[in-house]
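First up is the structure itself, then whatever we jot down about it.
The following block contains the structure:
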């Protein structure tokens with residue numbers, strides 16, 4: 078099973094179990110920005126108290142294994158379950174939705190988007206930018222800055238900059254946002270907005 082097939086299989090399981098989710102991380106960035114190779118796929122799940130992880134594990138195809146140990150992910154400050162894919166280095170992180178106001182708002186703003194492999198729940202482009210800036214600041218990862226730059230370069234004129242600015246001010250990432258926007262040629266981003 079390759080990475081695309083694993084993502085399709087997981088989305089199918091989440092949809093069949095009516096578990097609210099959204100695509101996140103590099104998978105979302107690749108939809109809005111400049112695609113890059115990735116060895117993982119991230120999803121945010123809203124599970125009821127007591128969870129439904131066992132239901133997910135039981136419905137996954139044999140080639141995908143849900144690891145029994147929950148992990149705490151430092152960058153996102155949230156709990157995560159990991160799915161491994163047989164004969165592949167590709168992994169999928171199932172992040173549990175937190176009570177953080179931004180986490181809640183971005184999840185509430187998600188929408189259905191038709192992609193070549195099917196229709197999925199996606200974060201908005203604004204929330205991909207805000208989240209990548211937050212991760213870049215917390216972890217100091219250049220790939221998150223590059224992802225953000227790619228999304229802005231492709232989507233810049235379509236972005237609700239007021240919304241992005243509000244959350245960047247809240248998270249203390251406005252300086253990084255401004256720096257990234259200044260690094261993009263003016264014909265790729267509307268810097269006056």
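In our numbering, the protein residues as written are 78 to 270. Where a beta carbon is used, it is the ideal one built from N, C-alpha and C, also for glycine.
Exercise for the section: Report all residues from its chain with a CB closer than 6 Å to the CB of residue 196; omit the five preceding and five following residues, and keep chain order. Expected result: Taken in chain order, the residues that qualify are 189.
Exercise for the section: Name the residue from 173, 136, 144 and 109 whose alpha carbon lies nearest to the alpha carbon of residue 119. Expected result: Nearest in C-alpha terms to residue 119, of all of 173, 136, 144 and 109, is 173.
Handout entry: CA-to-CA distance, residue 221 to residue 210, given in whole angstroms
Key = The straight-line gap from Cα to Cα measures roughly 7 Å.
Exercise for the section: May I ask you to report which of helix, strand or coil DSSP gives residue 252? Expected result: Of the three classes helix, strand and coil, the one that applies to residue 252 here is helix, per DSSP.
Practice task
Determine contact between the region 226-237 and the region 104-112, defined as no fewer than three beta-carbon pairs at a distance below 8 Å.
Solution key: Output reads yes: the region 104-112 touches the region 226-237.
Problem - Residues of its chain near residue 144, where Cβ-Cβ distance is below 6 Å and the 5 sequence neighbours each way are ignored - result: Here the set comprises 159.
Handout entry: With 16 other Cβ atoms within 10 Å as the buried cut-off, status of residue 260
Key = With fewer than 16 other Cβ atoms within 10 Å, it is exposed.
Exercise for the section: Taking 8 Å as the cut-off, decide whether the C-beta atoms of residue 137 and residue 157 are in contact. Expected result: No, these two residues do not count as a Cβ contact at 8 Å.
Practice task
Tell me where the beta strand (DSSP E) around residue 135 begins and ends.
Solution key: That residue, residue 135, is in no beta strand (DSSP E); its alpha helix (DSSP H) goes 130-136.
Practice task
Take residue 272 as the anchor and find which of 142, 215 and 123 has the nearest alpha-carbon.
Solution key: Because the chain is modelled from 78 through 270, residue 272 falls outside the range shown and cannot be assessed.
Exercise for the section: Give the C-beta separation of residue 105 and residue 193 to the nearest angstrom, bearing in mind that I take them to be a contact with Cβ-Cβ under 8 Å. Expected result: 15 Å between Cβ atoms; not a contact.
Handout entry: N- and C-terminal bounds of the alpha helix (DSSP H) containing residue 206
Key = Note, residue 206: alpha helix (DSSP H), 202-216.
Exercise for the section: Would you list the residues sitting across from residue 172 in a DSSP beta bridge? Expected result: Beta-bridge pairing links residue 172 to 121 and 157.
Problem - Residue interval of the alpha helix (DSSP H) (run including residue 142) - result: It is not in any alpha helix (DSSP H) - residue 142 instead sits in the beta strand (DSSP E) that spans 141-143.
Problem - C-beta atoms of residue 142 and residue 115 nearer than 8 Å - result: When the beta-carbon positions are compared, residue 142 and residue 115 stay at least 8 Å from each other.
Exercise for the section: Would you kindly work out how many angstroms separate the C-alpha atoms of residue 267 and residue 232, rounded to a whole number? Expected result: Unreliable placement is indicated for residue 267, whose pLDDT of 47 sits below 50; no coordinate value is reported for it.
Problem - Distance CB(residue 133)-CB(residue 94) smaller than 8 Å - result: The Cβ atoms of residue 133 and residue 94 sit closer than 8 Å to each other.
Exercise for the section: Assuming residue 117 and residue 169 form a contact by the criterion Cβ under 8 Å, report the distance between their Cβ atoms to the nearest whole angstrom. Expected result: The Cβ separation is near 7 Å, so the contact holds.
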